[in-house]
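2 protein chains.
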Amino acid sequence: MNDLLPLTPGQHLLILNALNLTTAFMGGAALLFVLLRSQVASAYRLALSLMAAAVGMAGYHYWQILGGWRAAYVLQGGAYVPTGQPFNDASRYADWLGTVPLILAALMLVLDIGRRKSASLVARLAVAAVLMIALGYVGEVQREMTLRAVWGAASCVPFAYILFVLWSELRGVLSFETPRVRGLFSRLRVLLVASWSLHPLVYALPLLGLTGAPAFVLGQVGHSVADICAKVFYGLMIYAVAREKTLSEELLLGLDTPRELVRS
Amino acid sequence: MNDLLPLTPGQHLLILNALNLTTAFMGGAALLFVLLRSQVASAYRLALSLMAAAVGMAGYHYWQILGGWRAAYVLQGGAYVPTGQPFNDASRYADWLGTVPLILAALMLVLDIGRRKSASLVARLAVAAVLMIALGYVGEVQREMTLRAVWGAASCVPFAYILFVLWSELRGVLSFETPRVRGLFSRLRVLLVASWSLHPLVYALPLLGLTGAPAFVLGQVGHSVADICAKVFYGLMIYAVAREKTLSEELLLGLDTPRELVRS
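Sequence order for the protein chains is A and B. Converting from the first sequence to our numbering requires adding 71 to each position, the first position being numbered 1. Converting from the second sequence to our numbering requires adding 71 to each position, the first position being numbered 1.
This is the structure:
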């Protein structure tokens with residue numbers, strides 16, 4: 072919960088537009104991932120379905136955040152001043168609690184992991200994700216900066232575990248994939264870490280004493296950009312992996328002469 | 072119907088976010104179950120369709136509960152105080168009355184039960200579920216604790232009957248299934264009992280004298296978590312059973328070389 076500061080019309084508008092754009096991106100991506108399902112082999116459709124559900128849920132949450140943003144300010148004498156309605160920034164955490172396990176599961180489902188191992192990885196990643204987000208939520212609603220720092224640091228432990236799994240435990244699995252799939256996966260992993268890392272950076276802004284209006288605007292826009300990268304562009308890369316594997320398999324089975332492979 | 076207590080901003084926010092997350096989860100799951108229909112054999116599509124309808128209905132109800140929650144409180148002097156608008160918590164029972172028979176029917180439809188036996192089981196389970204929920208509803212709107220206890224205890228009788236059917240009557244049916252399906256079904260049953268049991272626990276909180284704000288918050292979050300488990304995760308396990316059976320049947324018929332089976 073933020074103690075909201077007065078904003079200039081430009082600052083208020085920038086956040087409004089960032090929230091609007093993110094809502095639209097999530098809704099558009101939900102439609103896109105539904106449509107792309109038919110382009111991948113049956114084995115990868117669950118992954119794209121999970122991505123569609125995840126961005127759909129995120130779209131709903133951004134729409135709620137947008138409504139909260141409109142209610143939190145009123146234009147008075149040329150500046151936007153808080154109405155007293157709290158801006159529920161922490162509802163982002165509710166969103167992540169639902170969507171992050173889904174997008175991690177989607178990643179496991181496009182790789183050639185045996186079912187037993189895949190279920191174990193999904194379960195461990197989901198538990199770590201829920202812990203990471205729940206600890207971050209507790210820190211987010213603290214007003215005391217020391218407590219914010221402690222809960223934030225605690226939240227980094229499961230984050231580190233997720234990175235460990237994605238780098239270390241998946242090394243063996245990746246050796247069964249084609250070089251092209253390995254390349255896509257490496258880029259996907261980098262996108263995930265880079266976009267996820269924006270959230271702790273925004274979280275740390277008040278700890279660094281950056282509490283003015285510009286820092287707040289930066290934080291709000293940062294969360295939105297990070298969410299678009301971690302869900303929409305991430306989902307497109309999940310599709311790229313699934314499509315690549317679908318085409319290779321069709322070539323192997325002689326089902327088709329995949330034009331996209333021939334051309335490349 | 073609750074006599075609402077004043078809440079801290081953090082408590083109010085936690086319930087708001089839990090309701091928001093549950094609404095998003097139900098909507099996301101509705102989309103997901105619609106998409107997953109094409110991944111299972113024709114015989115199991117009715118089960119997934121029922122699950123999609125059930126979570127869609129639950130999403131609507133949670134959205135209504137969310138609206139009620141917003142109307143029930145106002146921020147005054149740093150605390151959330153009741154506006155006098157009653158919070159219609161009992162609308163959860165209206166939701167369950169519609170959705171619980173659907174999710175029990177979905178479970179019967181993914182098992183290899185003869186049609187006559189399946190219809191009889193669905194009918195008996197649906198009647199027991201309606202009784203369980205109706206009796207619980209009557210208890211929920213009582214203000215007198217003894218009456219609450221009596222109606223609550225009465226509601227446990229049809230609950231016990233449902234458990235009896237799932238454990239005892241289905242034993243014979245399960246012997247026709249593969250070990251893997253039996254394993255999935257066992258876990259599904261445990262998920263059902265564990266998540267359903269959270270509701271009577273929340274119901275019993277006032278009987279145990281736990282009536283303060285923290286108990287109320289725990290209860291609201293508990294209902295939401297239980298509903299997500301009993302509908303969204305339950306539905307995913309219904310899908311897992313249906314998908315498993317679809318792949319085995321395709322293998323048997325030589326329709327395909329299901330990669331998911333080969334890989335595991």
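Glycine residues also receive a C-beta, built at the ideal position from the N, C-alpha and C atoms. Everything numeric in this text was worked out from a predicted model, so none of it was measured.
Spatial neighbours of Val244 (chain B) in its own chain (CB-CB distance under 8 Å, excluding positions within 5 residues in sequence) are listed in chain order as Leu182, Asp183, Ile184, Lys188. Under the criterion of beta carbons closer than 8 Å, Leu196 (chain B) and Leu175 (chain B) qualify as touching, at roughly 4 Å.
Here the stretch 105-112 of chain B makes contact with the stretch 113-129 of chain A; the two share three or more CB pairs at distances below 8 Å. If you keep only unbroken beta strand (DSSP E) runs of at least 3 residues inside the stretch 252-279 of chain A, you get nothing at all. Residue-level contact by beta carbon fails for Ser257 (chain B) and chain A, as no gap is shorter than 9 Å. For the stretch 210-240 of chain B, the beta-carbon criterion of a distance under 9 Å to any beta-carbon of chain A is satisfied by none of its residues. Residue range 284-298 is occupied by the alpha helix (DSSP H) that includes Ala297 (chain A). Residues of chain A with a Cβ closer than 7 Å to the Cβ of Gln135 (chain B) do not exist, since the nearest Cβ in that chain sits about 15 Å away. Among the bridge pairs identified by DSSP, Val212 (chain A) is matched with none. Between Val171 (chain A) and Ile204 (chain A), the CB-CB gap stays under 9 Å. Proximity of chain B to His270 (chain A) at the Cβ level (cut-off 9 Å) is not reached, the minimal Cβ distance being about 16 Å. For Val303 (chain A), DSSP assigns no beta-bridge partner whatsoever. Restricting attention to alpha helix (DSSP H) runs no shorter than 4 residues, the stretch 106-193 of chain A encloses them at 116-143, 162-180, ordered along the chain.
Here Asp74 (chain B) is exposed: its Cβ has fewer than 16 other Cβ atoms, across all protein chains shown, within 10 Å. If you look at Leu78 (chain B), you'll find it isn't in any alpha helix (DSSP H); DSSP assigns it neither H nor E. Counting only the Cα atoms, Gly148 (chain A) lies some 43 Å from Met97 (chain B). It is roughly 13 Å from the alpha-carbon of Gln135 (chain B) to the alpha-carbon of Pro157 (chain B). Per the coordinates, the alpha-carbon of Phe104 (chain A) lies some 49 Å from the alpha-carbon of Arg214 (chain B). Neighbours of Leu262 (chain B) in chain A, taken as residues whose beta carbon is under 9 Å from its own, are absent, since the nearest beta carbon is some 13 Å off. Taking a cut-off of 8 Å for Cβ pairs, the stretch 259-275 of chain A and the stretch 298-317 of chain A touch, as three or more such pairs fall below it.
Note on Thr94 (chain A): 16 or more other CB atoms within 10 angstroms of its CB, so buried under the neighbour-count rule. Within the same chain, Phe158, Asn159 come within 7 Å of Gly139 (chain B) by CB-CB distance, once the 5 residues on both sides are set aside. For Ala301 (chain A), the closest alpha carbon among the candidates A:Leu324, A:Tyr274, A:Trp267 is that of A:Trp267. Taking a Cβ-Cβ cut-off of 9 Å, the neighbours of His132 (chain A) in chain B comprise Asn91, Leu92, Ala95, given in sequence order. A distance below 9 Å separates the beta carbons of Tyr151 (chain A) and Leu78 (chain A).
Note on geometry: alpha-carbon atoms of Val292 (chain B) and Trp238 (chain A) lie some 35 Å from one another. Across the structure, Tyr164 (chain A) and Ala89 (chain A) are spaced so that their CA atoms are roughly 18 Å apart. For Thr93 (chain B), the secondary structure class from DSSP, reduced to helix, strand or coil, is helix. For Ser319 (chain A), there are no C-beta contacts with chain B under 7 Å, since the nearest C-beta of that chain is about 12 Å from it. In chain order, Met308, Ala311, Val312, Glu315 place their CB closer than 8 Å to the CB of Leu255 (chain A), counting only its own chain and leaving out the 5 sequence neighbours on each side. In this structure, Asp166 (chain A) and Ala123 (chain A) do not form a Cβ contact; the two beta carbons are roughly 15 Å apart against a cut-off of 8 Å.
When 7 Å is used as the limit between beta carbons, Ala142 (chain A) is near no residue of chain B, the shortest such separation being about 10 Å. Residue contact check for Met203 (chain A) against chain B: no CB pair falls below 9 Å. Contact holds between the stretch 220-237 of chain B and the stretch 273-280 of chain B, because three or more Cβ pairs, one in each stretch, are under 8 Å apart. Cβ neighbours of Val288 (chain B) within its own chain (closer than 7 Å, five residues either side excluded): Gln82, Leu85, Ile86.
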